[in-house]
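Numbering (our numbering), first residue to last: 69 to 648. Data block below; observations after.
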(Lines of atoms letter the chains of each structure in order from A and count residues from 1; the text may use other names and numbers.)
(Lines give C-alpha, C1' and ligand atoms only; values in the text may rest on other atoms or scores of the structure.)
Protein backbone atom coordinates (compact mmCIF):
# COMPACT_ATOMS: atom_id res chain seq x y z
CA UNK A 1 0.00 0.00 0.00
CA UNK A 2 1.31 3.44 -0.92
CA UNK A 3 1.94 5.83 2.02
CA UNK A 4 -0.54 8.41 0.72
CA UNK A 5 -3.23 5.91 -0.22
CA UNK A 6 -4.44 5.80 3.39
CA UNK A 7 -6.83 8.50 4.55
CA UNK A 8 -5.17 8.45 7.96
CA UNK A 9 -1.77 9.18 6.45
CA UNK A 10 -3.15 11.94 4.23
CA UNK A 11 -4.89 13.70 7.11
CA UNK A 12 -1.85 13.19 9.32
CA UNK A 13 0.66 14.47 6.76
CA UNK A 14 -1.63 17.31 5.74
CA UNK A 15 -1.93 18.49 9.34
CA UNK A 16 1.84 18.30 9.90
CA UNK A 17 2.67 20.11 6.64
CA UNK A 18 0.09 22.80 7.40
CA UNK A 19 1.49 23.37 10.89
CA UNK A 20 5.11 23.39 9.68
CA UNK A 21 4.38 25.82 6.83
CA UNK A 22 2.31 28.05 9.12
CA UNK A 23 5.02 28.15 11.78
CA UNK A 24 7.74 28.70 9.17
CA UNK A 25 5.86 31.60 7.60
CA UNK A 26 4.97 33.06 11.00
CA UNK A 27 8.55 32.64 12.22
CA UNK A 28 9.94 34.28 9.10
CA UNK A 29 7.53 37.19 9.36
CA UNK A 30 8.22 37.60 13.06
CA UNK A 31 11.96 37.37 12.46
CA UNK A 32 11.87 40.03 9.74
CA UNK A 33 9.63 42.32 11.76
CA UNK A 34 11.56 41.92 14.99
CA UNK A 35 14.88 42.27 13.15
CA UNK A 36 13.77 45.50 11.50
CA UNK A 37 12.40 46.77 14.79
CA UNK A 38 15.62 45.80 16.59
CA UNK A 39 17.69 47.59 13.95
CA UNK A 40 15.54 50.71 14.30
CA UNK A 41 15.82 50.50 18.06
CA UNK A 42 19.61 50.10 17.81
CA UNK A 43 19.99 53.22 15.69
CA UNK A 44 17.56 55.16 17.88
CA UNK A 45 19.53 54.22 21.01
CA UNK A 46 22.76 55.10 19.21
CA UNK A 47 21.41 58.53 18.31
CA UNK A 48 20.22 58.98 21.87
CA UNK A 49 23.62 57.99 23.30
CA UNK A 50 25.42 60.36 20.90
CA UNK A 51 23.15 63.19 21.95
CA UNK A 52 23.82 62.37 25.61
CA UNK A 53 27.60 62.48 25.04
CA UNK A 54 27.38 65.83 23.29
CA UNK A 55 25.06 67.23 25.95
CA UNK A 56 27.20 65.89 28.76
CA UNK A 57 30.46 67.35 27.46
CA UNK A 58 28.87 70.69 26.61
CA UNK A 59 27.11 70.98 29.95
CA UNK A 60 30.24 70.02 31.87
CA UNK A 61 32.43 72.46 29.97
CA UNK A 62 29.84 75.25 30.30
CA UNK A 63 29.70 74.57 34.03
CA UNK A 64 33.49 74.89 34.32
CA UNK A 65 33.52 78.10 32.27
CA UNK A 66 30.84 79.68 34.46
CA UNK A 67 32.55 78.59 37.66
CA UNK A 68 35.94 79.66 36.33
CA UNK A 69 34.58 83.09 35.41
CA UNK A 70 33.14 83.50 38.89
CA UNK A 71 36.36 82.36 40.58
CA UNK A 72 38.49 84.59 38.33
CA UNK A 73 36.46 87.53 39.48
CA UNK A 74 36.95 86.76 43.17
CA UNK A 75 39.17 89.36 44.97
CA UNK A 76 41.05 86.69 46.88
CA UNK A 77 42.40 85.04 43.77
CA UNK A 78 42.99 88.33 41.97
CA UNK A 79 44.88 89.82 44.90
CA UNK A 80 46.95 86.68 45.23
CA UNK A 81 47.74 86.72 41.51
CA UNK A 82 48.67 90.41 41.77
CA UNK A 83 51.50 89.48 44.19
CA UNK A 84 53.04 87.39 41.40
CA UNK A 85 54.17 85.02 44.17
CA UNK A 86 53.52 81.31 43.45
CA UNK A 87 53.56 80.10 47.08
CA UNK A 88 50.83 82.60 47.84
CA UNK A 89 48.66 81.63 44.87
CA UNK A 90 49.07 77.80 45.00
CA UNK A 91 47.05 77.11 48.22
CA UNK A 92 44.24 79.34 47.07
CA UNK A 93 44.16 77.61 43.67
CA UNK A 94 44.06 74.15 45.30
CA UNK A 95 41.08 75.18 47.37
CA UNK A 96 39.10 76.49 44.44
CA UNK A 97 40.05 73.50 42.27
CA UNK A 98 38.64 71.08 44.83
CA UNK A 99 35.47 73.10 45.03
CA UNK A 100 34.67 72.97 41.31
CA UNK A 101 36.34 69.58 40.60
CA UNK A 102 38.25 70.80 37.54
CA UNK A 103 40.84 68.51 35.99
CA UNK A 104 42.88 71.53 34.81
CA UNK A 105 43.25 74.57 37.10
CA UNK A 106 46.15 76.83 36.14
CA UNK A 107 46.77 80.41 37.30
CA UNK A 108 49.13 82.63 35.25
CA UNK A 109 50.50 85.99 36.20
CA UNK A 110 50.53 89.21 34.25
CA UNK A 111 53.63 88.10 32.37
CA UNK A 112 52.30 84.56 31.77
CA UNK A 113 54.32 83.31 34.67
CA UNK A 114 52.96 80.04 36.09
CA UNK A 115 51.71 80.92 39.57
CA UNK A 116 49.64 77.78 40.38
CA UNK A 117 48.94 74.36 38.85
CA UNK A 118 46.29 72.62 41.01
CA UNK A 119 44.34 70.24 38.74
CA UNK A 120 44.41 66.47 38.47
CA UNK A 121 46.04 66.94 35.10
CA UNK A 122 49.07 69.28 35.44
CA UNK A 123 50.58 70.45 32.15
CA UNK A 124 54.13 71.80 32.05
CA UNK A 125 55.06 75.38 31.16
CA UNK A 126 55.26 74.71 27.43
CA UNK A 127 51.90 72.93 27.36
CA UNK A 128 50.32 75.73 29.39
CA UNK A 129 51.64 78.33 26.99
CA UNK A 130 50.34 76.35 24.03
CA UNK A 131 46.90 75.90 25.60
CA UNK A 132 46.77 79.63 26.39
CA UNK A 133 47.61 80.56 22.83
CA UNK A 134 45.01 78.11 21.46
CA UNK A 135 42.30 79.38 23.80
CA UNK A 136 42.94 83.09 23.25
CA UNK A 137 42.98 82.45 19.53
CA UNK A 138 39.62 80.67 19.62
CA UNK A 139 36.42 82.67 19.05
CA UNK A 140 34.80 81.27 22.23
CA UNK A 141 38.01 81.29 24.31
CA UNK A 142 38.07 77.47 24.49
CA UNK A 143 40.34 74.87 23.01
CA UNK A 144 41.06 71.14 22.95
CA UNK A 145 44.57 70.00 23.64
CA UNK A 146 45.95 66.45 23.71
CA UNK A 147 47.57 65.83 27.04
CA UNK A 148 48.75 62.58 28.58
CA UNK A 149 46.27 59.72 28.01
CA UNK A 150 43.51 62.00 26.84
CA UNK A 151 42.54 65.37 25.53
CA UNK A 152 41.69 68.36 27.70
CA UNK A 153 38.97 70.87 26.96
CA UNK A 154 40.11 74.18 28.47
CA UNK A 155 39.03 77.79 28.55
CA UNK A 156 41.21 80.83 29.39
CA UNK A 157 39.47 83.38 31.64
CA UNK A 158 41.26 86.75 32.16
CA UNK A 159 41.26 88.04 35.73
CA UNK A 160 40.06 91.67 35.75
CA UNK A 161 39.51 91.99 32.01
CA UNK A 162 41.07 94.98 30.33
CA UNK A 163 44.17 96.03 28.52
CA UNK A 164 46.37 94.85 31.40
CA UNK A 165 44.79 92.01 33.41
CA UNK A 166 46.50 90.87 36.58
CA UNK A 167 46.53 87.29 35.34
CA UNK A 168 44.75 84.48 33.54
CA UNK A 169 42.85 81.46 34.88
CA UNK A 170 42.83 78.32 32.74
CA UNK A 171 40.14 75.75 33.71
CA UNK A 172 38.90 72.63 32.01
CA UNK A 173 38.30 68.92 32.16
CA UNK A 174 40.02 65.95 30.67
CA UNK A 175 38.47 63.57 28.18
CA UNK A 176 40.41 60.47 29.21
CA UNK A 177 39.66 56.87 30.06
CA UNK A 178 37.86 57.83 33.26
CA UNK A 179 35.61 60.27 31.41
CA UNK A 180 34.91 57.61 28.80
CA UNK A 181 33.97 55.13 31.54
CA UNK A 182 31.59 57.67 33.11
CA UNK A 183 29.94 58.28 29.76
CA UNK A 184 29.66 54.52 29.17
CA UNK A 185 27.78 54.18 32.44
CA UNK A 186 25.43 56.98 31.46
CA UNK A 187 24.80 55.96 27.85
CA UNK A 188 25.27 52.15 28.14
CA UNK A 189 27.50 52.43 25.07
CA UNK A 190 31.21 52.13 24.45
CA UNK A 191 33.03 55.47 24.03
CA UNK A 192 36.16 56.19 22.02
CA UNK A 193 37.79 59.69 22.08
CA UNK A 194 39.70 60.44 18.89
CA UNK A 195 41.89 63.51 18.32
CA UNK A 196 43.08 63.85 14.77
CA UNK A 197 44.00 60.33 13.69
CA UNK A 198 44.89 59.14 17.19
CA UNK A 199 42.73 57.35 19.74
CA UNK A 200 43.33 59.18 22.99
CA UNK A 201 40.95 57.21 25.25
CA UNK A 202 38.63 54.24 24.79
CA UNK A 203 36.45 51.82 26.72
CA UNK A 204 37.28 49.22 24.05
CA UNK A 205 41.08 48.96 24.01
CA UNK A 206 40.82 45.86 21.83
CA UNK A 207 39.72 47.88 18.80
CA UNK A 208 42.49 48.76 16.31
CA UNK A 209 43.43 52.46 16.14
CA UNK A 210 43.48 52.49 12.33
CA UNK A 211 39.75 51.83 12.32
CA UNK A 212 39.21 55.39 13.61
CA UNK A 213 41.28 57.25 11.04
CA UNK A 214 39.69 59.84 8.78
CA UNK A 215 36.43 60.08 10.73
CA UNK A 216 33.79 62.50 9.50
CA UNK A 217 31.67 64.13 12.25
CA UNK A 218 28.10 62.92 12.16
CA UNK A 219 28.91 59.86 10.06
CA UNK A 220 28.35 56.24 10.91
CA UNK A 221 31.04 53.59 11.28
CA UNK A 222 30.74 49.81 11.32
CA UNK A 223 33.36 47.63 12.99
CA UNK A 224 33.62 43.89 13.32
CA UNK A 225 36.10 43.06 16.08
CA UNK A 226 35.17 39.37 16.07
CA UNK A 227 33.36 36.99 13.76
CA UNK A 228 30.36 36.86 16.13
CA UNK A 229 30.18 40.55 16.95
CA UNK A 230 29.57 43.70 14.97
CA UNK A 231 29.75 47.25 16.28
CA UNK A 232 27.88 50.16 14.81
CA UNK A 233 29.01 53.66 15.83
CA UNK A 234 28.12 57.31 15.48
CA UNK A 235 30.83 60.00 15.22
CA UNK A 236 29.89 62.83 17.58
CA UNK A 237 31.95 66.07 17.42
CA UNK A 238 32.99 67.45 20.83
CA UNK A 239 33.54 70.99 19.67
CA UNK A 240 33.06 72.75 16.35
CA UNK A 241 32.52 70.19 13.62
CA UNK A 242 35.76 71.06 11.83
CA UNK A 243 38.85 69.13 10.84
CA UNK A 244 41.26 68.44 13.66
CA UNK A 245 38.70 68.83 16.43
CA UNK A 246 38.34 65.82 18.79
CA UNK A 247 35.35 63.56 18.33
CA UNK A 248 33.67 60.91 20.43
CA UNK A 249 32.73 57.66 18.70
CA UNK A 250 29.68 56.11 20.40
CA UNK A 251 29.60 52.34 19.78
CA UNK A 252 26.87 49.78 20.29
CA UNK A 253 26.99 46.05 19.66
CA UNK A 254 24.59 44.90 16.99
CA UNK A 255 25.01 41.28 18.11
CA UNK A 256 24.04 42.20 21.65
CA UNK A 257 21.12 44.25 20.45
CA UNK A 258 19.93 41.45 18.20
CA UNK A 259 20.37 38.80 20.90
CA UNK A 260 16.67 39.21 21.63
CA UNK A 261 15.96 38.28 18.03
CA UNK A 262 18.00 35.11 18.41
CA UNK A 263 16.12 34.30 21.59
CA UNK A 264 12.81 34.84 19.81
CA UNK A 265 13.97 32.67 16.93
CA UNK A 266 15.02 29.96 19.37
CA UNK A 267 11.65 30.17 21.10
CA UNK A 268 9.87 30.01 17.74
CA UNK A 269 11.88 26.94 16.78
CA UNK A 270 11.14 25.25 20.11
CA UNK A 271 7.49 26.24 19.86
CA UNK A 272 7.41 25.00 16.28
CA UNK A 273 8.85 21.64 17.27
CA UNK A 274 6.35 21.32 20.11
CA UNK A 275 3.53 22.41 17.79
CA UNK A 276 4.62 19.89 15.17
CA UNK A 277 4.63 17.16 17.83
CA UNK A 278 1.19 18.20 19.08
CA UNK A 279 -0.07 18.52 15.50
CA UNK A 280 1.29 15.07 14.78
CA UNK A 281 -0.60 13.57 17.69
CA UNK A 282 -3.76 15.57 17.00
CA UNK A 283 -3.62 14.84 13.27
CA UNK A 284 -3.19 11.16 13.91
CA UNK A 285 -5.98 11.20 16.50
CA UNK A 286 -8.35 13.11 14.22
CA UNK A 287 -7.52 10.82 11.34
CA UNK A 288 -8.23 7.83 13.54
CA UNK A 289 -11.67 9.20 14.44
CA UNK A 290 -12.49 9.11 10.73
CA UNK A 291 -10.71 5.98 9.59
CA UNK A 292 -11.41 3.70 12.55
CA UNK A 293 -15.18 3.48 11.94
CA UNK A 294 -14.51 3.25 8.19
CA UNK A 295 -12.17 0.31 8.80
CA UNK A 296 -14.82 -1.32 10.97
CA UNK A 297 -17.42 -0.88 8.21
CA UNK A 298 -15.10 -2.23 5.51
CA UNK A 299 -14.07 -5.17 7.71
CA UNK A 300 -17.74 -6.00 8.30
CA UNK A 301 -18.46 -5.68 4.57
CA UNK A 302 -15.55 -8.03 3.82
CA UNK A 303 -16.90 -10.61 6.28
CA UNK A 304 -20.38 -10.28 4.81
CA UNK A 305 -19.00 -10.74 1.29
CA UNK A 306 -17.07 -13.82 2.43
CA UNK A 307 -19.74 -15.48 4.57
CA UNK A 308 -22.93 -14.04 3.08
CA UNK A 309 -24.16 -13.36 6.61
CA UNK A 310 -25.95 -10.00 6.58
CA UNK A 311 -26.73 -10.17 10.29
CA UNK A 312 -23.21 -9.25 11.32
CA UNK A 313 -23.35 -5.97 13.24
CA UNK A 314 -20.91 -3.12 12.68
CA UNK A 315 -18.76 -2.60 15.79
CA UNK A 316 -20.06 0.34 17.84
CA UNK A 317 -18.38 3.68 17.17
CA UNK A 318 -16.74 5.70 19.92
CA UNK A 319 -17.99 8.97 21.30
CA UNK A 320 -15.08 10.87 19.68
CA UNK A 321 -15.44 9.29 16.26
CA UNK A 322 -16.30 11.48 13.29
CA UNK A 323 -20.00 12.31 12.97
CA UNK A 324 -20.08 11.53 9.24
CA UNK A 325 -18.31 8.22 9.85
CA UNK A 326 -20.84 7.48 12.59
CA UNK A 327 -23.67 8.28 10.20
CA UNK A 328 -22.07 6.03 7.57
CA UNK A 329 -21.76 3.17 10.07
CA UNK A 330 -25.35 3.54 11.27
CA UNK A 331 -26.66 3.86 7.69
CA UNK A 332 -24.68 0.80 6.68
CA UNK A 333 -26.18 -1.09 9.63
CA UNK A 334 -29.67 -0.04 8.57
CA UNK A 335 -28.90 -0.99 4.97
CA UNK A 336 -27.65 -4.47 5.89
CA UNK A 337 -30.64 -4.91 8.18
CA UNK A 338 -32.98 -3.90 5.39
CA UNK A 339 -31.20 -6.21 2.93
CA UNK A 340 -31.36 -9.11 5.38
CA UNK A 341 -35.03 -8.41 6.03
CA UNK A 342 -35.70 -8.15 2.31
CA UNK A 343 -33.86 -11.43 1.72
CA UNK A 344 -35.88 -13.16 4.44
CA UNK A 345 -39.09 -11.70 3.10
CA UNK A 346 -38.18 -12.70 -0.45
CA UNK A 347 -37.39 -16.21 0.74
CA UNK A 348 -40.62 -16.30 2.69
CA UNK A 349 -42.55 -15.02 -0.31
CA UNK A 350 -40.94 -17.69 -2.43
CA UNK A 351 -41.83 -20.35 0.12
CA UNK A 352 -45.34 -18.99 0.42
CA UNK A 353 -45.68 -18.88 -3.34
CA UNK A 354 -44.58 -22.49 -3.60
CA UNK A 355 -46.77 -23.37 -0.65
CA UNK A 356 -49.67 -21.51 -2.22
CA UNK A 357 -49.34 -23.43 -5.45
CA UNK A 358 -49.03 -26.68 -3.54
CA UNK A 359 -51.91 -25.71 -1.26
CA UNK A 360 -54.15 -25.04 -4.23
CA UNK A 361 -53.45 -28.45 -5.66
CA UNK A 362 -53.86 -30.13 -2.28
CA UNK A 363 -57.02 -28.16 -1.49
CA UNK A 364 -58.63 -29.22 -4.76
CA UNK A 365 -57.59 -32.80 -4.20
CA UNK A 366 -58.88 -32.74 -0.59
CA UNK A 367 -62.17 -30.96 -1.27
CA UNK A 368 -63.62 -33.66 -3.55
CA UNK A 369 -63.16 -36.45 -0.99
CA UNK A 370 -64.54 -34.12 1.69
CA UNK A 371 -67.74 -33.68 -0.32
CA UNK A 372 -68.10 -37.46 -0.64
CA UNK A 373 -67.44 -37.88 3.11
CA UNK A 374 -69.97 -35.18 3.91
CA UNK A 375 -72.65 -36.80 1.72
CA UNK A 376 -71.98 -40.17 3.36
CA UNK A 377 -72.19 -38.60 6.82
CA UNK A 378 -75.58 -37.09 6.00
CA UNK A 379 -76.90 -40.54 4.98
CA UNK A 380 -75.51 -41.99 8.19
CA UNK A 381 -77.33 -39.33 10.24
CA UNK A 382 -80.63 -40.93 9.07
CA UNK A 383 -79.59 -44.24 10.61
CA UNK A 384 -81.71 -45.55 13.46
CA UNK A 385 -78.84 -46.33 15.80
CA UNK A 386 -78.08 -43.36 18.08
CA UNK A 387 -74.34 -44.07 18.20
CA UNK A 388 -74.21 -44.00 14.40
CA UNK A 389 -76.06 -40.72 14.35
CA UNK A 390 -73.63 -39.16 16.85
CA UNK A 391 -70.62 -40.42 14.90
CA UNK A 392 -72.10 -39.05 11.68
CA UNK A 393 -72.61 -35.66 13.34
CA UNK A 394 -68.98 -35.62 14.50
CA UNK A 395 -67.82 -36.53 11.02
CA UNK A 396 -69.94 -33.76 9.54
CA UNK A 397 -68.48 -31.17 11.96
CA UNK A 398 -64.91 -32.21 11.19
CA UNK A 399 -65.67 -32.10 7.48
CA UNK A 400 -66.97 -28.56 7.92
CA UNK A 401 -63.81 -27.58 9.81
CA UNK A 402 -61.59 -29.11 7.15
CA UNK A 403 -63.62 -27.37 4.47
CA UNK A 404 -63.07 -24.01 6.21
CA UNK A 405 -59.34 -24.73 6.33
CA UNK A 406 -59.32 -25.58 2.64
CA UNK A 407 -61.30 -22.43 1.85
CA UNK A 408 -58.85 -20.34 3.91
CA UNK A 409 -55.89 -21.88 2.13
CA UNK A 410 -57.43 -21.16 -1.25
CA UNK A 411 -58.27 -17.57 -0.25
CA UNK A 412 -54.76 -17.00 1.03
CA UNK A 413 -53.03 -18.62 -1.95
CA UNK A 414 -54.93 -16.95 -4.77
CA UNK A 415 -54.54 -13.20 -5.52
CA UNK A 416 -57.31 -11.14 -4.02
CA UNK A 417 -59.45 -9.29 -6.55
CA UNK A 418 -60.81 -6.12 -5.00
CA UNK A 419 -64.03 -4.47 -6.10
CA UNK A 420 -63.43 -0.84 -5.09
CA UNK A 421 -66.37 1.48 -4.71
CA UNK A 422 -67.47 4.32 -2.42
CA UNK A 423 -68.76 2.93 0.88
CA UNK A 424 -69.69 4.10 4.36
CA UNK A 425 -67.13 2.94 6.90
CA UNK A 426 -69.68 3.37 9.73
CA UNK A 427 -72.12 1.04 7.99
CA UNK A 428 -69.39 -1.54 7.38
CA UNK A 429 -68.35 -1.44 11.04
CA UNK A 430 -71.99 -1.71 12.19
CA UNK A 431 -72.59 -4.75 9.93
CA UNK A 432 -69.43 -6.45 11.25
CA UNK A 433 -70.51 -5.87 14.86
CA UNK A 434 -74.01 -7.19 14.19
CA UNK A 435 -72.64 -10.28 12.40
CA UNK A 436 -70.42 -11.23 15.33
CA UNK A 437 -73.19 -10.54 17.85
CA UNK A 438 -75.60 -12.75 15.92
CA UNK A 439 -73.04 -15.56 15.61
CA UNK A 440 -71.94 -15.41 19.25
CA UNK A 441 -73.99 -13.29 21.57
CA UNK A 442 -72.16 -14.13 24.76
CA UNK A 443 -69.44 -11.45 24.21
CA UNK A 444 -71.07 -8.22 23.00
CA UNK A 445 -69.24 -5.75 20.80
CA UNK A 446 -69.51 -2.01 21.51
CA UNK A 447 -69.29 0.38 18.55
CA UNK A 448 -67.93 3.89 19.16
CA UNK A 449 -68.05 6.24 16.18
CA UNK A 450 -68.82 9.88 15.48
CA UNK A 451 -72.24 10.63 14.05
CA UNK A 452 -72.65 10.98 10.33
CA UNK A 453 -71.39 8.97 7.40
CA UNK A 454 -67.69 8.19 6.89
CA UNK A 455 -67.14 7.77 3.18
CA UNK A 456 -64.12 5.99 1.73
CA UNK A 457 -63.33 4.08 -1.45
CA UNK A 458 -62.81 0.42 -0.55
CA UNK A 459 -64.02 -3.13 -1.07
CA UNK A 460 -66.82 -3.15 1.49
CA UNK A 461 -67.27 -6.94 1.59
CA UNK A 462 -63.56 -7.66 1.98
CA UNK A 463 -63.24 -5.01 4.70
CA UNK A 464 -66.30 -6.39 6.49
CA UNK A 465 -64.80 -9.90 6.34
CA UNK A 466 -61.54 -8.65 7.85
CA UNK A 467 -63.39 -6.83 10.66
CA UNK A 468 -65.52 -9.90 11.44
CA UNK A 469 -62.34 -11.99 11.65
CA UNK A 470 -60.70 -9.50 14.03
CA UNK A 471 -63.85 -9.16 16.18
CA UNK A 472 -64.18 -12.94 16.37
CA UNK A 473 -60.57 -13.24 17.55
CA UNK A 474 -61.22 -10.52 20.13
CA UNK A 475 -64.29 -12.40 21.43
CA UNK A 476 -62.24 -15.63 21.58
CA UNK A 477 -59.59 -13.83 23.65
CA UNK A 478 -62.25 -12.59 26.10
CA UNK A 479 -63.75 -16.08 26.39
CA UNK A 480 -60.29 -17.55 26.98
CA UNK A 481 -59.64 -15.03 29.77
CA UNK A 482 -63.04 -15.78 31.34
CA UNK A 483 -62.37 -19.54 31.10
CA UNK A 484 -59.17 -19.02 33.06
CA UNK A 485 -61.14 -17.32 35.82
CA UNK A 486 -60.01 -13.75 35.08
CA UNK A 487 -62.43 -10.89 35.67
CA UNK A 488 -63.36 -9.28 32.35
CA UNK A 489 -64.11 -5.57 32.48
CA UNK A 490 -66.90 -4.00 30.50
CA UNK A 491 -67.20 -3.46 27.59
CA UNK A 492 -65.29 -6.67 26.68
CA UNK A 493 -64.80 -5.75 23.00
CA UNK A 494 -64.84 -2.24 21.52
CA UNK A 495 -64.68 -1.16 17.90
CA UNK A 496 -63.71 2.51 17.69
CA UNK A 497 -64.02 4.41 14.40
CA UNK A 498 -62.35 7.75 13.69
CA UNK A 499 -61.67 9.53 10.44
CA UNK A 500 -60.46 12.70 8.82
CA UNK A 501 -60.19 13.81 5.22
CA UNK A 502 -57.39 11.37 4.28
CA UNK A 503 -57.32 8.48 6.77
CA UNK A 504 -59.91 6.21 8.37
CA UNK A 505 -58.80 4.79 11.75
CA UNK A 506 -60.38 1.64 13.15
CA UNK A 507 -59.26 0.29 16.55
CA UNK A 508 -60.52 -3.02 17.92
CA UNK A 509 -59.84 -3.42 21.66
CA UNK A 510 -60.49 -6.48 23.77
CA UNK A 511 -60.22 -7.11 27.51
CA UNK A 512 -58.83 -10.58 27.07
CA UNK A 513 -55.64 -12.16 28.35
CA UNK A 514 -53.49 -10.37 25.80
CA UNK A 515 -50.77 -11.64 23.47
CA UNK A 516 -47.35 -12.74 24.66
CA UNK A 517 -44.61 -10.25 23.64
CA UNK A 518 -42.64 -12.91 21.76
CA UNK A 519 -45.79 -13.80 19.73
CA UNK A 520 -46.45 -10.23 18.53
CA UNK A 521 -43.82 -10.17 15.70
CA UNK A 522 -45.20 -13.45 14.26
CA UNK A 523 -48.87 -12.67 14.73
CA UNK A 524 -49.59 -12.10 11.02
CA UNK A 525 -47.39 -14.90 9.71
CA UNK A 526 -49.23 -17.65 7.79
CA UNK A 527 -49.97 -20.85 9.74
CA UNK A 528 -48.94 -19.28 13.05
CA UNK A 529 -51.63 -19.75 15.69
CA UNK A 530 -51.99 -20.17 19.43
CA UNK A 531 -55.40 -21.85 19.17
CA UNK A 532 -55.70 -25.61 19.29
CA UNK A 533 -58.19 -25.65 16.42
CA UNK A 534 -56.90 -22.60 14.51
CA UNK A 535 -55.40 -22.75 11.03
CA UNK A 536 -53.16 -19.69 11.40
CA UNK A 537 -54.51 -18.17 8.20
CA UNK A 538 -57.12 -15.74 9.54
CA UNK A 539 -54.84 -12.85 10.53
CA UNK A 540 -52.57 -13.45 7.54
CA UNK A 541 -55.60 -13.13 5.26
CA UNK A 542 -56.70 -10.00 7.17
CA UNK A 543 -53.32 -8.40 6.62
CA UNK A 544 -53.46 -9.24 2.90
CA UNK A 545 -56.86 -7.58 2.67
CA UNK A 546 -55.88 -4.44 4.60
CA UNK A 547 -52.59 -3.98 2.76
CA UNK A 548 -54.34 -4.68 -0.56
CA UNK A 549 -56.66 -1.77 0.27
CA UNK A 550 -53.60 0.47 0.81
CA UNK A 551 -53.77 0.43 4.60
CA UNK A 552 -51.76 -0.89 7.53
CA UNK A 553 -52.52 -3.09 10.50
CA UNK A 554 -50.63 -3.58 13.72
CA UNK A 555 -51.21 -5.25 17.07
CA UNK A 556 -50.23 -3.65 20.39
CA UNK A 557 -50.79 -4.60 24.04
CA UNK A 558 -53.56 -2.65 25.65
CA UNK A 559 -52.80 -0.88 28.94
CA UNK A 560 -54.59 -2.74 31.72
CA UNK A 561 -54.73 -6.02 29.79
CA UNK A 562 -55.92 -7.14 26.40
CA UNK A 563 -54.94 -6.29 22.84
CA UNK A 564 -55.59 -3.44 20.42
CA UNK A 565 -55.69 -3.98 16.66
CA UNK A 566 -55.06 -0.70 14.84
CA UNK A 567 -56.21 -0.38 11.23
CA UNK A 568 -55.32 2.65 9.10
CA UNK A 569 -57.08 2.92 5.72
CA UNK A 570 -56.69 5.71 3.17
CA UNK A 571 -59.87 7.40 2.07
CA UNK A 572 -58.71 6.85 -1.51
CA UNK A 573 -56.47 3.82 -2.06
CA UNK A 574 -53.47 4.36 -4.37
CA UNK A 575 -54.87 1.95 -6.90
CA UNK A 576 -58.05 3.96 -7.22
CA UNK A 577 -56.05 7.19 -7.59
CA UNK A 578 -53.99 5.70 -10.39
CA UNK A 579 -57.06 4.32 -12.09
CA UNK A 580 -58.88 7.63 -12.00
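From the three backbone atoms N, C-alpha and C, an ideal C-beta is built for every residue, glycine too.
Going by beta carbons, residue 226 and residue 178 fall outside the 8 Å limit. Taking the C-beta atoms as reference points, residue 303 is found nearer than 8 Å to residue 287. Taking a C-beta distance under 8 Å as the contact criterion, residue 175 and residue 215 do not qualify as a contact pair.
In the three-state scheme derived from DSSP, where H, G and I count as helix and E and B as strand, residue 447 is classed as helix.
Taking 8 Å as the cut-off, the Cβ atoms of residue 485 and residue 524 do not count as close. When only Cα atoms are considered, residue 283 and residue 271 end up about 18 Å apart.
For residue 143, the enclosing alpha helix (DSSP H) covers residues 143-150. In the structure shown, residue 235 adopts extended strand secondary structure according to DSSP, grouped into three states.
Using a C-beta cut-off of 8 Å, the region 149-168 makes contact with the region 184-196, since at least three inter-stretch Cβ pairs fall below that distance. Burial state of residue 621 is buried, judged by a 10 Å Cβ sphere holding 16 or more other Cβ atoms.
For the pair residue 92 and residue 81, the Cα-to-Cα distance works out to about 16 Å.
Within a 10 Å sphere around the beta-carbon of residue 165 sit 16 or more other beta-carbons, which makes this residue buried. By the Cβ-count criterion, residue 567 is buried, with 16 or more other Cβ atoms from all chains shown falling within 10 Å of its own Cβ. Between the C-alpha atoms of residue 89 and residue 83 there is a straight-line separation of about 10 Å.
Put simply, of 120, 626 and 264 the residue whose alpha carbon is nearest the alpha carbon of residue 557 is 626. Judged by beta-carbon spacing, residue 496 lies beyond the 8 Å limit of residue 470, meaning their Cβ atoms are not closer than that value.
For residue 616, no beta strand (DSSP E) encloses it; the enclosing alpha helix (DSSP H) starts and ends at 606-616.
Counting the other Cβ atoms within 10 Å of the Cβ of residue 395 gives fewer than 16, which makes it exposed. Contact between the region 204-211 and the region 135-144 is absent: fewer than three C-beta pairs spanning the two stretches fall below 8 Å. Only residues of its own chain outside the window of five on either side were considered, and among them 279 and 299 have a CB closer than 6 Å to the CB of residue 291, listed in chain order. Taking C-alpha positions only, residue 585 is separated from residue 526 by approximately 32 Å.
One alpha carbon belongs to residue 240, the other to residue 201, and they sit about 15 Å apart. Contact between the region 97-111 and the region 353-369 is absent: fewer than three C-beta pairs spanning the two stretches fall below 8 Å. Counting only the Cα atoms, residue 409 lies some 24 Å from residue 361.
Residue 259 sits in a strand when the DSSP states are folded into three classes. Residues of the same chain with a CB within less than 7 Å of the CB of residue 86, apart from the 5 flanking positions on each side, do not exist. Counting the other CB atoms within 10 Å of its CB gives residue 402 a total below 16, which places it among the exposed residues.
DSSP, read as helix, strand or coil, puts residue 556 in coil. In this structure, residue 563 sits near residue 574, with a CB-CB distance shorter than 8 Å. Membership of residue 529 in the alpha helix (DSSP H) is indicated by the continuous run 528-551. In this structure, DSSP gives residue 132 a helical state, which the three-state scheme calls helix. Residue 570 and residue 639 have their alpha carbons spaced roughly 5 Å apart.
In this structure residue 543 is buried. Its beta-carbon is surrounded by 16 or more other beta-carbon atoms within 10 angstroms. Minimum Cα-Cα distance from residue 196 among the listed residues 217, 218 and 223 corresponds to 223. For the pair residue 118 and residue 318, the CB atoms are nearer than the 8 Å cut-off. Exclusion of the five residues before and after residue 445 leaves 460, 463, 464 and 467 as the residues of its chain whose Cβ lies within less than 7 Å of its Cβ.
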